[in-house]
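Colleague: These protein sequence lines map, in sequence, to chains A and B. Numbering-wise (our numbering), the first sequence opens with residue 6 and increments by one. Numbering-wise (our numbering), the second sequence opens with residue 960 and increments by one. I'd like to ask you about the structure that follows.
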Amino acid sequence: MQLNIDNQTVTARSGESVLQCASRHGIAIPRLCSHSSLPAFGACRLCIVEIDGMRGTPASCATPAVEGMVVRTNTEALRDLRRGILQLILLEHPSACLVCDKHDLCDEFRPAAAKAGRTTGCHTCNNKAVCDVRVLADELELTDLPVPPVYRNLPLERSDPFIDRDLNLCILCGRCVRICKAQHGRGTIDFVGRGSQTRIGEAFGRSLSEAGCRFCGSCIDVCPTGSLADRYAKWYGAPSRFTATTCTLCDAACAVTVHTTAHERAVAARGVDPRVPICVLGRFAIPEFLNGTRRLKTPQIRVGSRLRDVPWQQALARAAEHLRPFVGDGFALVCDTTNTLEDRYVLYKFTRDVMRSPHYIELQPDARGVSRAGLPDGVRAALLTGPFVDHERLQQLDLLIVQDCYATATSELATVSLPVAVLSEVAGTWVDGDGRMRPLRKACRGPGTAKPDWEIISELARTMGETGFEYESAATIARDIGAVGARLRIRQTEAPIAATDPSRRRTHFRGHCLDDHVGGLSELNGVEPALATAAVGG
Amino acid sequence: MFEITKKREVAPNVHEIVIHAPAVAKKARPGQFIILMVDEKSERVPYTLCDWDREAGTVTLVVQEVGQSSRKLVLLRAGDQVAHLVGPLGVPLEIERFGTVALAAGCYGIGAILGIARAMKAAGNRVIAIVEADSHYLHYFRAELEAAADEFIQTTIDGSENIKGHSIDVVKRKLENGESLDRVIAVGCLFMMMLAGNVTKPFGVKTLVALNPIMLDGTGMCGACRVAVGEQTLFACVDGPFFDAHQVDWSELRDRRVAYSDDEIQAVARTDVAAPRRERAHARTA
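Here it is as C-alpha cells:
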C-alpha cells in the first residue's frame, strides 16, 4: 500500500494509521495524546493533517492509511490550527512560562525547576526537562494566549505511595487511563465528571491505594505533562544515562532500565517491555533502596566498643589478620542467592581454598525473600553478607566479619564491616527462578567506596597472601566458571506474579526488610488488606 | 514554641503565615527577616518579615513551598506551633524621604514589599508598587498594597490581566518616559532581581535588592551567606539583606545557591512519604 506524505512516497503496513506510517518514515507529526504503546484515541487533535479528497483536517492517529492517499502534515494552515488547539489546551495548564518573553534567558540562568508543591509554571514543574508541551509550544512558536487561562485549584494528591498528582497540569489526553486499562485490564483511574469539570481520578473519591492501584508506574511513564510524577525521581530532571539490567529483587528477573543522573545516582527504573507492567518493587524500590542514608559507605573496624571508618587497605589487613587463626572447620561463610554467580563462586572458593572450611552456607530466600540460617556447632568465626543469623549465636562468636549494603544490628556486632555495592551498582550474572542466566549491568555508582562482593573477597584473599584471586572484573570470573550467554528478559508474556498479587511480592532483599528502606512500601503494605478487598470489586 | 494564628494559601503555592512572636513584632523594622525552625530537627530557614502587628504581637510571613523545610512549614495550620523563631535579623532598610520610590516585586516579594511600602509612604515618599505574577490567579495582597502605595500596578507574564510582562518592564518604561525615580527596590526570585539591576543600571537609579543566599545562623558567624558585592565580600545576614543591585555578582550567587541541590532533592524525596497525609484529609473536607 503506497501513499504520499509531504511529497514523499511511503509504504504503509496493513492496519496502520497515517500517523504511525509517517512516524515510521521519519516524518514527525505533533501529538500529545497518541503514544506508541497505545491504540489511537483522538483526544488532543494536534496530529491533524490535510488529505486530498477528505473534508476538513482529520486526526492522523485515527485515520487508517489507504492506498493512494495524498497527505500534507505541515502546511501553514495546519500550523495555525495546531497553534490554536494548543492555545486552547494551555488555557487549563499553567502556561505563562511558555509565552514569557524572557523564557530563554530564564532557562539559561536557572535551568533546574524549583521543587515547588504546586506547579505554577515551567520554572516550578518537575517535568520541565522532558516536557512534550514545552517542545510543542516552541515548535509552533506560541507567543500568547487568546483569553485568560483558568487555574482549576484542585487539591494536590501527595498522600498515595510513590505517586504525586497535580491534576491542575492535566491536559486530559487520557494516556494514563488507557495504559492502565491496557496493562491491567481494569479501570483503577478514569475520566471523572463532565465538561470543564472533567478530571482524572478514581471512582467515589477514593485514593489510588483504596482503588486497588498496583503502583506499576506506567501512568507516570506515559504522562506528557508534570501531572503524574514519580515522587522520588521527579526533581532530578532529565536522566543522563539509561542502562538495561536485571531486577534481582525477586526471582522473576524482569529487565528494567535504570535511569541515572550526571552524578551516577540511580533515580528511577522502568520495565523494558512497554506492553507489560512490572511490580512496584522493580518500578519504585530500586533507587530509594540504593540511595538510602543508612547505606554503608566506608569500611569500618572495631576499636574498643565502636566501629571506626578506615581505608580499605587497613580494613582488609585487619580482617586478614583476624581470619588467619580460624582457618579450618571453625570458620563459616553465609550468603544468599541474591548474589551474582560470580560473587557466589568467589565466596565459595574463598571458603574452600583460603579458609579450608566445609561451611560455605548459601541460603535460598523463601517466597517473601527471607533468608535465615544457623551456624554449625564449633564455628567460632563467620563472614556474613547480610543479617541472616540470630544474634544469640553471633554473640558466641570470636570473630564476625560483615560485608553488607546497610548498617544493621548484625553489622554493629562486627569486628570488621565492609560496604557492598548491590543491585544496579554491580555487573555480573544472575540466575532467575526458571534457572536461566540473566545479566546484571552496572548502571550507577555505589555509595562512598562500596565494592561488589567478589572484589572485596578477592582483595581479602590476596591480602592473606593467596593466589588464584587476581580477578579484574566480573566478566573474567564469568569466563572462568562458564557463565556465558546470559540474556535480558526483555519480552514478557505476562506481568510478573508480584505485579498482580501483592501477597506474592517479596518483602526482603539480602536479609533487609525493604519496607524499612523504601518509604512508599511501608505505606502500601499498611493499606494492603483494604487493597485486597477493593481488588475483588475492581 | 510559637503559635500560628493564621494560615492561608493566598495564591497557588504561596502561603500567608501569621505567627505569634511578640518580642519580634515589637522590634521589627522594614526589610528585616527572621529565622524559623519548624520542629526541633528542622533546617533553620530565613524568611522576610512582610508585616507585623505590635499590639497583637504577631508577625506575617509569605512562604512559597520550594523544598523540604518550606513544605513542612506550609503543611501546618492555624493553631499549630513552630519550634523556634529568632529575629528580627538583618539591617533594616534605609527609610528616608527620597522622593519617588518604585517597589518592584514578584512571587514572595509581593508580600515582602508591604511593610516597606507603608514605611516609605509614612516617610513622605511617593510610593509606586509594581507587582508581577505569571498569571492573573497568582496575584495576592492586592487590597493591602493598593492601600499602602500611591500608585499600584499589576503585571502578568502571560498578559491575562492588566499589563503583559514583568514588573521591571514597567520601571523601564517609566524611566524611558522620563519619569523620575529616586530609588528602586526589587524583591523576588534571583532572576527577577538580576533583571531589575540590569534594567536600572544604564539610568543610574539607585537600586536595592533583597538577596536570598543559603544562610545558616543569620548572625554573621558561619559565613555561608557570603555574597560578592563590588570589590567586597559581604554577609547577607548582617550586612544585608539589601544590597546595591548594580554591584552584585549574580552568577556567583546563583552557583552558591545550587551548591546543595542534589541533597535538597534527596531531602524532598524522603519527606514526601510521611508529611502530606493531612493534606488529603484536608482536601476531602474542603
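Quick reminder that beta carbons are idealized off the backbone N, C-alpha and C, glycines included.
Does the beta carbon of glutamate 975 (chain B) come closer than 9 Å to any beta carbon on chain A?
Modeller: no
Colleague: Counting along the chain, where does the alpha helix (DSSP H) carrying methionine 1079 (chain B) start and finish?
Modeller: 1067-1081
Colleague: With distance defined between alpha-carbon atoms, name the residue in A:Asn530, A:Val523, A:Ile10 and A:Met469 nearest to valine 272 (chain A).
Modeller: A:Val523
Colleague: Let me make sure I understand the geometry here. Which of B:Asn1084, B:Val969, B:Cys1181 and B:Gly1179 has the alpha-carbon closest to that of alanine 1102 (chain B)?
Modeller: Of B:Asn1084, B:Val969, B:Cys1181 and B:Gly1179, the residue nearest in Cα terms is B:Val969.
Colleague: Taking any Cβ of chain A, which residues in the stretch 1114-1125 of chain B have a Cβ under 9 Å from it, in chain order?
Modeller: Thr1115, Ile1116, Asp1117, Gly1118, Ser1119, Glu1120, Lys1123, Gly1124 and His1125
Colleague: Suppose you measure from the CA of leucine 321 (chain A) to the CA of valine 315 (chain A); what does that come to, to the nearest Å?
Modeller: 10 Å
Colleague: Given this structure, state the Cα-to-Cα distance separating valine 227 (chain A) from alanine 337 (chain A), to the nearest angstrom.
Modeller: 49 Å
Colleague: Buried or exposed: where does isoleucine 495 (chain A) fall if 16 or more other Cβ atoms within 10 Å of its Cβ makes it buried?
Modeller: exposed
Colleague: For aspartate 1039 (chain B), tell me which candidate among B:His1095, B:Ile976 and B:Ala1081 has the shortest Cα-Cα distance.
Modeller: Of the candidates B:His1095, B:Ile976 and B:Ala1081, the one whose C-alpha sits nearest the C-alpha of aspartate 1039 (chain B) is B:Ile976.
Colleague: Can you tell me whether alanine 535 (chain A) is helix, strand or coil according to DSSP?
Modeller: Confidence at alanine 535 (chain A) is low in this model, with a pLDDT of 36, below 50, so the placement of that residue should be treated as unreliable; the coordinate-derived value is given next. Helix, per DSSP.
Colleague: In the DSSP assignment, find the unbroken alpha helix (DSSP H) run with glycine 1137 (chain B) in it and report its ends.
Modeller: Per DSSP, glycine 1137 (chain B) belongs to no alpha helix (DSSP H) and is neither H nor E.
Colleague: Using 10 angstroms around the beta-carbon of proline 971 (chain B), count the other beta-carbons present and answer buried if the total reaches 16, otherwise exposed.
Modeller: buried
Colleague: Using the rule of at least 16 other Cβ atoms within 10 Å of the residue's Cβ for burial, across every protein chain shown, is serine 1094 (chain B) buried or exposed?
Modeller: buried
Colleague: Using 8 Å for Cβ pairs, my map puts valine 375 (chain A) next to leucine 389 (chain A). What's the rounded Cβ distance?
Modeller: Not confirmed; about 15 Å, so no contact.
Colleague: Cutting at 7 Å between CB atoms, please list the residues of its own chain near histidine 1241 (chain B), excluding the five before and the five after it.
Modeller: Here histidine 1241 (chain B) scores only 42 on pLDDT, less than 50, and its place in the model should not be relied on; the value that follows carries that caveat. Correct list: empty, nothing qualifies.
Colleague: With 9 Å as the threshold, decide whether the Cβ of cysteine 175 (chain A) is near any Cβ in chain B.
Modeller: no
Colleague: Using CA coordinates, which residue listed in B:Ala1061, B:Tyr1067, B:Asp1109 and B:Asp1117 is at the minimum distance from glycine 126 (chain A)?
Modeller: B:Asp1117
Colleague: Got a sec? Which residues, its chain only, sit under 6 Å from leucine 418 (chain A) by beta carbon, not counting five neighbours each side?
Modeller: Leu399 and Leu405
Colleague: According to DSSP, which residues form a beta bridge with threonine 1115 (chain B)?
Modeller: The partner list for threonine 1115 (chain B) (beta bridge, DSSP) reads B:Ala1092 and B:Lys1123.
Colleague: Mind listing which residues of the stretch 227-255 of chain A have their C-beta closer than 7 Å to chain B's C-betas, in chain order?
Modeller: Against chain B - using a Cβ distance shorter than 7 Å - the residues of the stretch 227-255 of chain A are Arg236, Tyr237, Trp240 and Tyr241.
Colleague: Applying the criterion that 16 or more other CB atoms from any shown protein chain within 10 Å of the CB defines a buried residue, is glycine 335 (chain A) buried or exposed?
Modeller: Per the 10 Å Cβ criterion, buried.
Colleague: Since glycine 1026 (chain B) meets chain A, which of its residues come closer than 7 Å, beta carbon to beta carbon?
Modeller: Lys120
Colleague: Is the stretch 1050-1065 of chain B touching the stretch 1130-1150 of chain B, taking contact as three or more C-beta pairs under 8 Å?
Modeller: yes
Colleague: Relative to the alpha-carbon of serine 39 (chain A), which residue among A:Leu103, A:Cys26 and A:Arg180 has its alpha-carbon at the smallest distance?
Modeller: Measuring from the Cα of serine 39 (chain A), the nearest candidate turns out to be A:Arg180.
Colleague: With a threshold of 9 Å between beta carbons, is proline 444 (chain A) in contact with chain B?
Modeller: Proline 444 (chain A) does not count as touching chain B.
Colleague: Where do the ends of the beta strand (DSSP E) carrying valine 135 (chain A) lie?
Modeller: Valine 135 (chain A) -> no beta strand (DSSP E), and no H or E assigned at all.
Colleague: Beta-carbon within less than 8 Å of glycine 490 (chain A)'s beta-carbon, same chain only, minus the 5 sequence neighbours each way: which residues are those?
Modeller: Met442
Colleague: Beta-carbon within less than 6 Å of aspartate 437 (chain A)'s beta-carbon, same chain only, minus the 5 sequence neighbours each way: which residues are those?
Modeller: Asp256, Ala258 and Arg443
Colleague: Taking the alpha carbon of arginine 621 (chain A) as the reference point, which residue from A:Leu177, A:Trp459 and A:Ile184 has its own alpha carbon closest?
Modeller: What the structure shows of chain A is the stretch from 6 to 543, and residue 621 (chain A) is not part of that stretch, so it cannot be assessed.
Colleague: Does any residue of chain A have a CB that is nearer than 9 Å to the CB of serine 1220 (chain B)?
Modeller: yes
Colleague: Of all the options B:Glu1091, B:Ala1107 and B:Ile1127, which has the alpha carbon lying nearest to the alpha carbon of threonine 1114 (chain B)?
Modeller: B:Glu1091
Colleague: What is the residue span of the beta strand (DSSP E) that lysine 965 (chain B) lies within?
Modeller: That run of the beta strand (DSSP E) goes 961-970.
Colleague: Does the stretch 8-25 of chain A come within contact of the stretch 50-66 of chain A, defined as at least 3 CB pairs closer than 8 Å?
Modeller: yes
Colleague: If we cut at 9 Å on Cβ distances, does serine 42 (chain A) have a partner in chain B?
Modeller: For serine 42 (chain A), the answer is no, since every Cβ of chain B falls outside 9 Å of its Cβ.
Colleague: Any idea if tyrosine 913 (chain B) is buried or exposed, counting beta-carbon neighbours within 10 angstroms, 16 or more meaning buried?
Modeller: Residue 913 (chain B) cannot be examined here, being either before or after the span of chain B that is shown, 960 to 1245.
Colleague: If you run the structure through DSSP and keep just helix, strand and coil, what is tyrosine 1006 (chain B)?
Modeller: strand
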